[in-house]
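Residue numbers (mature numbering (1 follows the signal peptide of the UniProt record, and there is no 0)): -31 to -1, 1 to 992.
To start, the structure itself, in structure tokens.
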Amino acid sequence: MFKTKISKVLGVVLTAAMVLSMFTVATPVAAANQDWSKISLPGSGSTGGYVVSEPGTRFDAIGQLEWNADKTAVYATTIYNGSPCVFKSTDAGRTWKMVFQDGVTADLTTAYGDAYIFDICASSVNANEVYFTDGYDIFTTKDGGVTWNRLSNVYIWADDNDWSFIPDGVIVTLDVGYAGGSKYVFVGTASFGAYDAQNGVYMCQETAFGMPWSDLAIATQGHDWDNCNVWDVMVDPTDFATKQGIIAVASDCDGTSNANTVTYITAKYFGNQWNQPSICKDAEIMQDNTLAVTNVYHAELWLPSDFSSSLTSGKFQAWLALATFSGQGDVYLWYGGADKTIDLNVSGLESETEVSDIDGAGGVGTAKLIIGGYLNTSAYGPNTWYSADGLTFTKTSKAPTGEDSWYDEEVTVLALADFATSGKALAGTGGWDCGVSYTADFGKTWNQISMMRQAILTVDNIAGSLFIVTSDYAEESVWRLSGGVYERVFSTSMVSEDGTTIDVAVSPAGDAVFVATLGGTMIWRSLDNGQTFAQQVSSITTADGTAINSWFVSNANTVLVGGSGVVYQTSTNGVLWFARTCAVGTVTSFAVSTDGSTLVAAGSDGKVSKSTDGGVTWSAASAVAVSGTSLVTFQNGSNSVVYLTSNSGGVYKYDFAATSPSWSPIDNTVTGDYAFDSDDWADVDTGVGIFSGIASGGNVLYVLDGSWNNLIRITNAGTNYTAGIIAKPTGATGATKLIGVAAPGANMLYGIFGASLYVYTDKMAVPVTNVQATATTDSVKVTWDALNVDNTGVTVRYFVVVTDATTAYKVAYTVTDDDINQTSTAGITSLTATFKNGVNGFIVSEDTVYQVSVWAVSPVMSFVGTASVSTQPQPLTYHVNLMPTNGASNVPVNPVFAWDAVSTAVSYDLVLSTDPTFADATKVLATKNLTTNYWAYDGTLSNSASYYWRVRVNTANSTSEWFPAVFTTVKADAAPVEVNNPPDITLEVPQAETPAYIWLIVAVGAVLTIAVIVLIVRTRRVV
């Protein structure tokens, strides 16, 4: 329980962050796409969070569970490895860290073990402050359990200070109160089974020098008790600082006989004596409200959130959980100021229940309570009860596991932070198969989550997604893994099972979970995902069956059990069983088709038989596939094709719908120059598991090989089955079982390898998508989309084949040397590849249709994505007698276009435009698709204008590039001249006269001539 439930300092409201933090746990498995990943099983020891025990280091008891002040951590007291320990959890009890170990071996057979933690108490104001007592010392931590210190010892203090008596018993209860800066620790001592011991309530002033102790004189102040035992002490949590209120559960013993003992709830306030009627008088605790409670061994008070110590408030109220040696335990309702408590008889009128703990949430009128204890009947074992009104209680229908603990009765409970609305709580038990259990339905059902006595020695079976069977030496457990959290939902300690081991199965629809005893005859069914199980009302023995060796769940009501030449079948969940003949030898395996319409059974003879009526009748057996223990499964999506493997090896296919059904081996050897995935044998030597997944583009089958511990992955498209190898997990040995969860593009495979569990998610049972191919006359370029495996640690590599064959590859673990393909089988990581004629030995021909295939070859094979493309024919050139030729001029304005015919052409495309780029559609004069190699323009072009035309060839396979040309039209002709005949005209021509300027020029010339002559004469040299 959580003793310090109310704190005015912290309030009662938790933040959302606190609530969320309680359920943050480590995920047992990370993404394992295209690689094995080990699933973390419930762990042991410091590295495993103390979920389960180690074989030689066990939990023996869970003593108390206690919240810290702000409910961010839970503390638990335990007996672990034989000594008292304190553990701390920050995820609401899912995992733990040891914060204290006494090192003293506990002896729980003595009256009170000298090594046991009797109580633990958390501060109401400091989240890192916790106290606990081992009955003699009080230990405290101020740093959340990192370090611990002892308070002064009450026994030593009493002796040193000459108290009138030293407490006879051990400290069984403690609490802490705060008044200003002072801190007070209160304890109560008791002697178990004694009626002549002197005990009391004592107070330590922790913050005072020397940590002095005081005797609060519960036996003498307000009482006249010769002897007493104090079973619980609690400070008033609402106003201790002002009222100094202390409430206790104590027994007045007369020293003569336990029969004369009287037990009270008593209180003192304001430093006054106990049992003051004006403040709070004693209330006697009475069985059935009439008989004195005489022999107590444990008491726990629980106060509502609105508790008030005022007699007139109507809220001076508490609930008491009481456990006794005398069969008088129960929950008692106490009103402050009343003469006696009210026995609530949680197990019914005039019944008694040894209640060892109580916790809850809410106020006086809204309290919701959870209690733990044991029945005083032959129905032995730990139990819990829940009350929604604080008055009536309902017993759990699935109790926490455990057995005896301290005095055979201890069950501790702790309401989680949102208990009032969610119903979530923890329970701790002791003894055989003890542990911490969890409920999310107000205690109706419990599952174990941590500090379990059981260890995990082997992983025996798995089913669904995901139930796991583990074994200890003596017991077996069924674990449910959901949302990254483990809960144990079934234990053989809960039932009286027969057989040698248990197995778990989930119906194909996922609406029922079954547990069966292999080698026995018992079967249990759950319709709430394993939360509760109910045993079938009858077994195969009613149909002369003797033991379950192989079994199968077909639906929530139909179960099949294999026998020798017979199938035991029920369609009523075990109400009626029938023996159905099935001549396949000893039936070793069953399977059901995806649509649920057909069942198949395989046997030791290597044969199979089918049933289409739920297993009532079975067909004649098939031929023998292989001898040995056979495992069978349907091809996913089919109700006729089955696959079979055996411990003798091999994988085989059989189609019931074939004209002549027969077995075909489908595991194979991968060889050749272009071999992918593995160049070794991809066959099965010892089949121990088989599963057919969902594949896009074909089918995919997985077979676990017990000899090599690897997984054979067989892909199929059409009639082609090819096999590859998925290597075993690193270091894994002892492969024993395979199950799968089929999902499009994400088949999840679980494998058991020795005592370990691994998961592999295959996201590559899909084709490569968006394969695109473009071609020229001598090259092919291929692009595609990446396969997304969602694993950054995995590199996907691809292979591309370009072939002129009539069909593309569908499933390709090998290719032929004749294909145009990559030169390395390692594959490429890019998403594009170009193949060019004459490069790396490739031959690419013009005007040829090629099939393109792209698939992943690493880490495993994907299915093939395909495309088809044709290389281009050669385009027309300047040498094909173009008319008009490129650059021609004086072309008529009504031209004829022509070119040499191409023998493979089926048509020609021609475009005439005034735009040299042919981009402007408004300038296009004609667009033609022609079956002839000529065309006459049916319009008139402009003179002296440039025109552009282009032509290309269309063959049956492809289209050539455009060949462009330009020409200029002829100039326009000269306009005609019109000549008229005018009348005859007579012209008179006058006598011509020499103009005056002519004579002037002549005169100047003469003068210049004479001057030149003179100069010549005068400059003659004399010889």
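The beta-carbon is built from N, C-alpha and C at its ideal position, and this holds for glycine as well.
Exercise. Quick one: residues in its chain with C-beta nearer than 7 Å to the C-beta of Ser160, no 5 flanking neighbours on either side, listed in chain order?
Key: Asp137, Gly138, Ala166, Asn168, Asn198
Quiz prompt | DSSP bridge partner residues for Phe56 (one or two, in chain order) | solution = Ala45, Met67
Quiz item: At which residue ranges does the stretch 99 to 152 contain complete beta strand (DSSP E) runs of 3 or more residues, listed in the order of the chain?
Solution: 99 to 102, 107 to 110, 139 to 148
Practice problem: Return the CA-CA distance between Trp194 and Asp221, expressed in angstroms with no decimal places. | Solution: 6 Å
Self-check item: Every unbroken alpha helix (DSSP H) within the stretch 505 to 574, with a cutoff of 4 residues, ordered by chain
Solution: none
Practice problem: Classify Lys897 as helix, strand or coil using the three-state DSSP reduction. | Solution: strand
Practice problem: Look at residue 996 and Thr46 and say whether their C-beta atoms are less than 9 Å apart. | Solution: Coverage of the chain is limited to positions -31 through 992, which leaves residue 996 absent and any answer about it impossible.
Self-check item: Every unbroken beta strand (DSSP E) inside the stretch 268 to 337 [3 residues or more]
Solution: 286 to 293, 299 to 304, 322 to 330
Exercise. Taking the CB atoms as reference points, tell me whether Ala368 and Gly392 lie closer together than 9 Å.
Key: no
Quiz prompt | Candidates Asp731, Met830, Asn760: closest to Val769 by CA position | solution = Met830
Quiz item: Would you say Ala512 and Gly489 are within 9 Å of each other, going by their C-beta atoms?
Solution: no
Quiz item: Where does Thr764 land, buried or exposed, given buried means 16+ other C-beta within 10 angstroms?
Solution: exposed
Quiz item: Okay, do the stretch 844 to 853 and the stretch 800 to 817 touch, 3+ Cβ pairs below 8 Å being the bar?
Solution: no
Self-check item: For Ala651, three-class secondary structure by DSSP
Solution: strand
Quiz item: What did DSSP end up calling Lys212 once you bin it into helix, strand or coil?
Solution: helix
Quiz item: Within the chosen definition, does the stretch 228 to 237 reach the stretch 257 to 270 through at least 3 CB pairs nearer than 8 Å?
Solution: yes
Quiz prompt | Nearest residue (CA-CA) to Ile248, options Asp257, Tyr238, Ile254 | solution = Tyr238
Quiz item: I think Thr414 touches Thr501, with their Cβ atoms under 8 Å apart; what is that distance to the nearest whole Å?
Solution: 6 Å
Practice problem: Less than 8 Å between the CB atoms is what I'm expecting for Val43 and Ser58, so what's the real figure, rounded? | Solution: 5 Å
Practice problem: Using 10 angstroms around the beta-carbon of Asp636, count the other beta-carbons present and answer buried if the total reaches 16, otherwise exposed. | Solution: buried
Practice problem: Output yes or no for whether 9 Å exceeds the beta carbon distance between Val380 and Ala394. | Solution: no
Quiz item: Do the CB positions of Asp275 and Asp312 come within less than 9 Å of each other?
Solution: no
Practice problem: Could you tell me the distance, in whole angstroms, from the CA atom of Arg682 to the CA atom of Gly619? | Solution: 13 Å
Quiz item: If you pair each beta-carbon of the stretch 138 to 154 with each one of the stretch 272 to 289, do three or more pairs fall below 8 Å?
Solution: no
Quiz prompt | Residue range of the beta strand (DSSP E) that includes Ser591 | solution = That residue, Ser591, is in no beta strand (DSSP E); it is neither H nor E in DSSP.
Practice problem: Output yes or no for whether 9 Å exceeds the beta carbon distance between Gly179 and Ser121. | Solution: yes
Quiz item: For Ser629, which three-state DSSP category applies?
Solution: coil
Practice problem: For Asp429, count neighbouring Cβ atoms within 10 angstroms of its own Cβ and tell me buried if that reaches 16, exposed if not. | Solution: buried
Quiz item: Cβ of Thr896 within 9 Å of Cβ of Val880?
Solution: yes
Quiz item: Distance, Cα to Cα, Thr(-8) vs Ile418?
Solution: Reliability fails at Thr(-8), whose pLDDT of 39 lies under 50, so the model's placement of it is uncertain and no value is given.
Self-check item: Own chain residues within Cβ distance below 7 Å of Tyr266, not counting five before or after
Solution: Phe161, Ala292, Thr293, Phe294, Tyr376
Practice problem: Consult DSSP for Met463 and reduce its assignment to one of helix, strand or coil. | Solution: helix
Self-check item: Secondary structure of Val892, DSSP reduced to three states
Solution: One point to set straight first is that residue 892 is Lys, not Val, in the sequence displayed. In this structure, Lys892 counts as helix in the three-state DSSP scheme.
Quiz item: If you follow the beta strand (DSSP E) that Ser915 is part of, which residue opens it and which one closes it?
Solution: 915 to 924
Quiz item: Using the beta-carbon count (16 or more within 10 Å), is Pro181 buried or exposed?
Solution: exposed
Quiz item: Roughly how many whole angstroms lie between the Cα atoms of Met(-10) and Asp39?
Solution: Note that Met(-10) scores 38 on pLDDT, short of 50, meaning its location in the model is unreliable; the coordinates nonetheless yield the value given after this. If you take the alpha carbons of Met(-10) and Asp39, they lie about 12 Å apart.
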